[in-house]
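Chemist: Numbers 26 to 127, taken from our numbering, label the letters of the sequence shown in order. Even glycine gets a Cβ: it sits at the ideal position worked out from N, Cα and C.
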Amino acid sequence: AATKERLGQALQRRLRSLLLRCLMAADLRDVRLSPVLAKLQSIIAHWEWRSGTQVSAAGAGTQWERLSAMLPTSSVQNLPQVPQTSPLLTRAPATAAAVAAT
26 AATKERLGQA LQRRLRSLLL RCLMAADLRD VRLSPVLAKL QSIIAHWEWR SGTQVSAAGA
86 GTQWERLSAM LPTSSVQNLP QVPQTSPLLT RAPATAAAVA AT
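1) When the distance is taken between beta carbons, is ILE69 closer than 7 Å to VAL80?
2) From LEU40, THR28, LEU44, pick the residue whose C-alpha is nearest to that of MET95; which is it?
3) Relative to the C-alpha of GLN4, which residue among THR98, THR28, ALA85, ARG38 is closest?
4) Can you give me the Cβ contacts of LEU58 inside the same chain, cut-off strictly under 7 Å, excluding the 5 residues immediately before and after it?
5) Terminal residues of the continuous alpha helix (DSSP H) containing ARG91?
6) Distance check for ARG39 and TRP128, CA to CA, integer angstroms please.
7) If you follow the alpha helix (DSSP H) that SER59 is part of, which residue opens it and which one closes it?
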């Protein structure tokens with residue numbers, strides 16, 4: 026079980042790293058990226074609201090903080106909310122299929 030959890034954490038770390046690289050290479054003003062950026066901003070805002078702390082306090086907080094810093098500073102209230110059941114918000118390692126479904 027511990028090995029499976031470590032593998033899940035390593036996969037999530039690699040996915041966050043890939044997302045960071047993609048965002049650094051993309052033109053974040055491109056309106057086609059708006060849904061992705063809104064979803065990411067909503068996930069971060071929901072985690073911060075639920076935990077009562079900044080995303081930098083999360084597991085892999087440095088990566089999450091870098092992702093958050095890349096997002097536009099638009100109002101979070103206007104963004105769609107992430108469902109409570111989202112695997113991106115749970116502490117258990119998400120499967121690739123669960124992440125792809127969100």
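Modeler: Based on what the coordinates show:
1) For VAL80 and ILE69, yes; Cβs fall inside 7 Å.
2) The shortest Cα separation from MET95 among LEU40, THR28, LEU44 belongs to LEU44.
3) Not covered by the structure: residue 4. The range shown for the chain is 26 to 127.
4) Within the same chain, LEU58 has close Cβ partners ALA51.
5) Per DSSP, the continuous alpha helix (DSSP H) segment holding ARG91 begins and ends at 86–95.
6) Look at the range of the chain in this structure, 26 to 127, and you will see that residue 128 is not part of it.
7) Unbroken alpha helix (DSSP H) run through SER59: 59–76.
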